[in-house]
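When we follow my numbering, the leftmost residue of the sequence shown carries the number -5, and every step to the right adds one. Glycine residues also receive a C-beta, built at the ideal position from the N, C-alpha and C atoms.
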Amino acid sequence: MSAPTSGVATVTVFAAASSWIESDAVAQCHQVAALDGMRHVAGMPDLHPGKGAPIGAAMSSTVLYPFLVGSDIGCGIAVFPIRLKRAVPEKLAARFPDLDVPLDPERDAGDPAWDAAGGDIPAGHLDGLGTVGRGNHFVELARVDTVLAADHAHRVGVAAGDLVLIVHSGSRGLGERILRAHTEVHGAGPAADPAAYLAAHDEAVAWGSLNRRLMAARVAYALGAEPTEPVVDVCHNLVEVRAGTYLHRKGAAPGDGRDVLVAGTRGTRSYLVAGHAGPEANHSVAHGAGRKMSRADALRRGRAKHTVEELRRTPLGSLVVCGDRQLLFEEAPTAYKRIEQVVGDLTDHGLATPVATTVPLVTYKTAAAARRR
């Protein structure tokens, strides 16, 4: 659906009438469209309200607005092939490393995961290095399930039955530091020095990608495998300078010729898609299922319907490693939209072609309670 705003900017939401799109999220899109310099706001089918700006949106403007990217600059999803002799979820879940404990250059100098760094740490930022963070971030061991486009899957390097690590994380405080430096002076206003912001922003994007590689290496070694290069690594919180405009993405992945892992939930499949979105979608595709409940609602409703143990084993038979009971409820699969509807909307609007699905075996959110004692 598309509608003009009071200025020159337009708003288009790429979702069917039957898709779950909150009116508050659409209202936020129109609020953004009214900003000075805004050209076009594209809402993805996973669109939902955020703090001051919509999540699941790509927003093009002649003015750079740091708040439209938010604090987790560099957040993205990477997919790493992994070879294991046997994939028994119960055994592998117990072998996951504690990804809440950061790598320390001195204490962990001999850790082979450092080889994944391949050089200097962007911005010299060591806080949280090699950790996953909270919220919707995760590291997942998954199996490639159904291949929907065999030729493309072969080019990517995945086949049915293959095991992969899916890593979703961001810049672990670095992006927040960059945004705070701006908002303390300018609030939600534009960047006074776009070049300076973009230089810091680019370091956070690089840091997020490095962190995903470090975590994949930590998990691979812990599971008795060798680290591999990612077949997909796409950032969905960033600014791209494109054709004289600033393209802000907040929970939206670059979709012009890129392969993107559109994440489902820990209890559903995810989809690897080939993106081919054009200017009407601001060259972007969805990054995941998108929330349909606030965290407070998910906590309240989840406690009334589920036990902790029910949420630690999904209907697919996969296991969830999470020692934080509140987070278990906040991130329950029922708190999210149907991934099939999101991917269907992308397909129906000509923004992406499904390539393959993955099914979770072990999803790591935060260390198990037993390891905290």
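Residue 281 vs residue 256 beta-carbon contact at 8 Å = yes
Name the one or two DSSP bridge partners that residue 288 has.
-> None; residue 288 has no bridge partner.
Confirm, please, whether the CB-CB distance from residue 41 to residue 50 is below 8 Å.
-> yes
What's the gap between the Cα of residue 28 and the Cα of residue 200?
-> 31 Å
Thinking C-alpha only, which one of 222, 18, 354 and 360 is nearest residue 155?
-> 354
List the endpoints of the continuous alpha helix (DSSP H) containing residue 172.
-> 168 to 180
How about residue 356 and residue 315: are their beta carbons less than 8 Å apart?
-> yes
Going by CA-CA distance only, name the one from 114, 81, 224 and 53 that's closest to residue 368.
-> The structure shown does not extend to residue 368, since the chain is modelled only from -5 to 367, so the question has no answer here.
Tell me whether residue 82 sits in a helix, a strand or coil according to DSSP, three-state version.
-> coil
Using alpha carbons as the reference points, say which of 153, 33 and 119 lies closest to residue 143.
-> 153
Would you kindly work out how many angstroms separate the C-alpha atoms of residue 227 and residue 114, rounded to a whole number?
-> 19 Å
Go ahead and pull the three-state DSSP assignment for residue 382.
-> What the structure shows of the chain is the stretch from -5 to 367, and residue 382 is not part of that stretch, so it cannot be assessed.
Quick one: grab the DSSP three-state call for residue 298.
-> helix
With DSSP as the reference, please indicate the residues paired to residue 231 in a beta bridge.
-> 244
Where residue 181 falls, given that 16 or more other Cβ within 10 Å makes a residue buried = exposed
Consider the Cβ of residue 59: report whether some Cβ of chain B lies at a distance smaller than 8 Å.
-> Although the question refers to chain B, the structure presented lacks it and comprises just one protein chain.
So residue 274 packs on residue 6, CB below 8 Å; how close in whole Å?
-> 6 Å
Report buried or exposed for residue 277, applying the criterion of at least 16 other Cβ atoms within 10 angstroms of its Cβ.
-> buried
Determine the burial state of residue 320: buried for a count of at least 16 other Cβ atoms within 10 Å of its Cβ, exposed for fewer.
-> exposed
With which residues is residue 307 paired in a DSSP beta bridge?
-> 313
Own chain partners of residue 46 with C-beta closer than 7 Å, once the 5 adjacent residues on each side are dropped = 61 and 182
What residue from 112, 246, 223 and 193 has the CA that sits closest to residue 35's CA?
-> 246
Quick one: is the Cβ of residue 162 within less than 7 Å of any heavy atom of the ligand ZN?
-> No copy of the ligand ZN appears in this structure; indeed no ligand is present at all.
Residue of 312, 346 and 324 minimising C-alpha distance to residue 87 = 312
Do you know whose CA, among 189, 225, 325 and 162, lies nearest residue 148's CA?
-> 225
Between which two residues does the beta strand (DSSP E) carrying residue 355 extend?
-> 346 to 358
Measuring CB to CB, does residue 112 end up less than 8 Å from residue 203?
-> no
Report the partner residues of residue 49 according to the DSSP bridge assignment.
-> 42
Endpoints, alpha helix (DSSP H) assigned at residue 17 | 17 to 27
Are the stretch 280 to 296 and the stretch 255 to 272 in contact at 8 Å, needing three or more beta carbon pairs?
-> yes
Touch check for the stretch 119 to 126 and the stretch 90 to 103: three-plus C-beta pairs under 8 Å?
-> yes
Would you mind sorting residue 309 into buried or exposed? The rule is 16 or more other CB atoms within 10 Å of its CB.
-> exposed
Pick from 307, 116 and 351 that is closest to residue 195, judged by C-alpha positions = 116
Hey, residue 72 and residue 206: beta-carbon distance below 8 Å or not?
-> yes
Taking just the CA atoms, how far does residue 19 sit from residue 179?
-> 27 Å
7 Å Cβ shell around residue 141 - same chain, five flanking residues per side excluded | 147, 153, 154 and 350
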